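Number of protein chains: 2
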Amino acid sequence: MTKADITEPFLKRLRVSTEIDEEDERAIRNLPMSVKRMAGGEPIVSLGDRPSACCLVVDGFVLRSKIVGTGHRQILAFHQPGDVPDLQSLFLHVMDHDVSALGNSVLGFIPHAPLRELIKRRPNVAQALWRDTLTDASVFREWICNVGQRDATSRVAHLVLELYTRLTAIGRADGRSYSFPATQALLADAVGTSVVHMNRVVQELRSKGLLDFDRGRITLLDEARLREIADFDGLYLHLDPSL
Amino acid sequence: MTKADITEPFLKRLRVSTEIDEEDERAIRNLPMSVKRMAGGEPIVSLGDRPSACCLVVDGFVLRSKIVGTGHRQILAFHQPGDVPDLQSLFLHVMDHDVSALGNSVLGFIPHAPLRELIKRRPNVAQALWRDTLTDASVFREWICNVGQRDATSRVAHLVLELYTRLTAIGRADGRSYSFPATQALLADAVGTSVVHMNRVVQELRSKGLLDFDRGRITLLDEARLREIADFDGLYLHLDPSL
DNA sequence: CGAATTCTTGACGTATGTCAACCTTGGTGG
DNA sequence: CCACCAAGGTTGACATACGTCAAGAATTCG
Numbered sequence: 001m002t003k004a005d006i007t008e009p010f011l012k013r014l015r016v017s018t019e020i021d022e023e024d025e026r027a028i029r030n031l032p033m034s035v036k037r038m039a040g041g042e043p044i045v046s047l048g049d050r051p052s053a054c055c056l057v058v059d060g061f062v063l064r065s066k067i068v069g070t071g072h073r074q075i076l077a078f079h080q081p082g083d084v085p086d087l088q089s090l091f092l093h094v095m096d097h098d099v100s101a102l103g104n105s106v107l108g109f110i111p112h113a114p115l116r117e118l119i120k121r122r123p124n125v126a127q128a129l130w131r132d133t134l135t136d137a138s139v140f141r142e143w144i145c146n147v148g149q150r151d152a153t154s155r156v157a158h159l160v161l162e163l164y165t166r167l168t169a170i171g172r173a174d175g176r177s178y179s180f181p182a183t184q185a186l187l188a189d190a191v192g193t194s195v196v197h198m199n200r201v202v203q204e205l206r207s208k209g210l211l212d213f214d215r216g217r218i219t220l221l222d223e224a225r226l227r228e229i230a231d232f233d234g235l236y237l238h239l240d241p242s243l
Numbered sequence: 001m002t003k004a005d006i007t008e009p010f011l012k013r014l015r016v017s018t019e020i021d022e023e024d025e026r027a028i029r030n031l032p033m034s035v036k037r038m039a040g041g042e043p044i045v046s047l048g049d050r051p052s053a054c055c056l057v058v059d060g061f062v063l064r065s066k067i068v069g070t071g072h073r074q075i076l077a078f079h080q081p082g083d084v085p086d087l088q089s090l091f092l093h094v095m096d097h098d099v100s101a102l103g104n105s106v107l108g109f110i111p112h113a114p115l116r117e118l119i120k121r122r123p124n125v126a127q128a129l130w131r132d133t134l135t136d137a138s139v140f141r142e143w144i145c146n147v148g149q150r151d152a153t154s155r156v157a158h159l160v161l162e163l164y165t166r167l168t169a170i171g172r173a174d175g176r177s178y179s180f181p182a183t184q185a186l187l188a189d190a191v192g193t194s195v196v197h198m199n200r201v202v203q204e205l206r207s208k209g210l211l212d213f214d215r216g217r218i219t220l221l222d223e224a225r226l227r228e229i230a231d232f233d234g235l236y237l238h239l240d241p242s243l
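Quick note, the sequences are listed as chains A and H, same order.
Residue numbers for the first sequence follow the UniProt record's numbering, so the first one is 1 and each next one is one higher.
Residue numbers for the second sequence follow the UniProt record's numbering, so the first one is 1 and each next one is one higher.
Okay, here's the thing in structure tokens:
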């Protein structure tokens, strides 16, 4: 994998997000970056850390989570290639949650200093990154609605559609299915249910012919009905910045 | 109320957040702003809008919310004096949720153009504002945990402590109590329970001598126990930027 | 091939939602 | 100043989605 390949998913996202000129792209490609492979579950940064680099997802998935008082884990977000899950560490110095690899992943670590320099020198890039953190926030808001208002079936359908929509946008969905190396326990942590109940939901969705979830692959069998059940409207993803 | 009074809560926040010099402060004070009084419940911007100004909370409270498919409302955030709840509209052009006044409030509307200009000219201010939107996101994450993992009693205690901590930080708490003009129905929308159950919880907290909630005023009667019940740790508020 | 995950099932308890009525309070107008 | 009204608060009865526990079956992986 060449260095160009590594920044490509990132550049691709920034390009749709704002006007990025040749000079901007060059500056991004010239960022110092140490590439690292990580296994599923491996921690990237943790609660209380004061990271000195940000982590660009190159391949695979990254998740953000928090452990609550009961010892249970709440997953807060999933990140795909092109995302920088801990960009916030540039300005919020202490981590308020954990970041870890979902499946086997390839990550690029960019030290804070050159990233700060980039932001100072290239206002377009700064704006694109800021925008990115704002859409992150928008996704968090929708997750609040998800866990706060919808029942378990609806929540799962919603999550599945969110991932599908975002992966499609970066060309990583494979027709109506996509690879997502999660266990049912992990999905349960994401939507705030127990493993047992998650299993009931998965079976219900399967038996109704709505979706399949097997060996780390999610397949949408009836997207239209899923959208109904999920109460899904992708507006909050802000995928089309021209709007 | 003079113009200086109006920007003061805002400046106060920015000062602790980053290095803001005299020049920065002057630029902020010179922002064009139209001040408006709003009654409780009045909409400020709504889902689908494309606002051309941002709204600074000068006095009172502002809330952000979303209506889900069932018709129920999920409240996503409460904002206090000094906050700019819809700063995101600078970069995400279509609103993905509603913003409205909680009680009677005073708001300052700042057109996008001069705000963009400010951000371009004054990188310190830009950074402070970016940081602000990042702590917003951090609060969203904690709300996800709240509705996803904690029981109703714990959720209410957590919300009450969050508000208390943030209001104390800007000097708007009155000892161990603070004004918060909410009904039980509104609290229910914030923590994702029914009104009936919210009432049960409020009575439980009252009868155990933990807190009181009456006529728009919340009083913490036993902060230590509340913190336990709430599983509250204020780290996520990022109130001390030196950390 | 064995061991560890992951998935699945059933029985059971409970937190919380819904419905429907009633009570309290604060504000308004006569 | 009282009568009234609307909004908010309170109650009880009942239904249910979901959690927990515990065991067993099916995968996956070394």
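The C-beta atom is built at its ideal place from N, Cα and C for all residues, glycine as well.
The model shown is predicted, which means the values in this text are computed figures rather than measured ones.
C-beta contact flag for residue i and residue j at 7 Å
i, j, result
"residue 244 of chain A", "A/V57", "This structure does not reach residue 244 of chain A, given that chain A is present from 1 up to 243, and the question cannot be answered."
"A/Q74", "H/G148", "yes"
"A/I229", "A/S177", "no"
"H/C54", "H/D98", "no"
"residue 245 of chain H", "A/D96", "This structure gives no information on residue 245 of chain H, because the portion of chain H shown stretches from 1 to 243."
"A/L63", "A/L102", "yes"
"H/S105", "H/M33", "no"
"H/T7", "H/I28", "yes"
Boundaries of the beta strand (DSSP E) in which residue i is found, first to last residue
i, result
"H/H79", "R73 to H79"
"A/R116", "Premise fails: A/R116 lies in the alpha helix (DSSP H), H112 to R121, not in any beta strand (DSSP E)."
"H/R64", "V62 to I67"
"H/I44", "P43 to V45"
"H/D59", "A53 to D59"
"A/D98", "D98 to A101"
Terminal residues of the alpha helix (DSSP H) in which residue i lies
i, result
"H/K36", "H/K36 -> not in any alpha helix (DSSP H); beta strand (DSSP E) instead, spanning S34 to M38."
"H/D28", "Position check: residue 28 of chain H holds Ile in this sequence, whereas Asp was assumed. E22 to R29 is the extent of the alpha helix (DSSP H) around H/I28."
CB contact below 7 Å: residue i versus chain A
i, result
"H/S138", "yes"
"H/V147", "yes"
"H/G40", "no"
"H/H158", "no"
"H/F91", "yes"
"H/H79", "no"
"H/G171", "no"
"H/R141", "yes"
"H/I144", "yes"
"H/V57", "no"
"H/D96", "yes"
Closest residue to residue i among the options (Cα-Cα distance)
i, options, result
"A/F61", "A/I44, A/R200, A/D174 and A/Q88", "A/I44"
"A/F78", "A/L115, A/D136 and A/L226", "A/D136"
"A/L167", "A/D21, A/Q80 and A/V68", "A/Q80"
"H/N30", "H/L115, H/R13, H/C55 and H/R50", "H/L115"
"A/S17", "H/H93, H/S65, H/S52 and H/K208", "H/H93"
"A/V160", "A/I170, A/I144, A/R26 and A/A182", "A/A182"
"A/R200", "A/V156, A/D59 and A/A27", "A/V156"
"H/L187", "H/A152, H/G171, H/L220 and H/A169", "H/A152"
"A/E142", "A/L76, A/V106, A/A128 and A/R206", "A/L76"
"H/Q221", "H/E8, H/G175 and H/P123", "The question names Gln, but residue 221 of chain H in the sequence shown is Leu. Per the Cα distances, H/G175."
"A/L235", "H/P9, H/L47 and H/L14", "H/L47"
"H/S65", "A/C145, A/E22 and A/I170", "A/C145"
"H/H158", "H/A27, H/F180 and H/D233", "H/D233"
"H/P9", "H/D59, H/E23 and H/R50", "H/D59"
Min CB distance residue i to chain H below 7 Å
i, result
"A/L210", "no"
"A/G192", "yes"
"A/I229", "no"
"A/H72", "yes"
"A/H238", "yes"
"A/G82", "no"
"A/D86", "no"
"A/R131", "yes"
Fully enclosed by the UniProt domain "HTH crp-type" (150 to 224) of chain H, which alpha helix (DSSP H) runs are 4 residues long or longer?
152 to 169, 184 to 191 and 195 to 207
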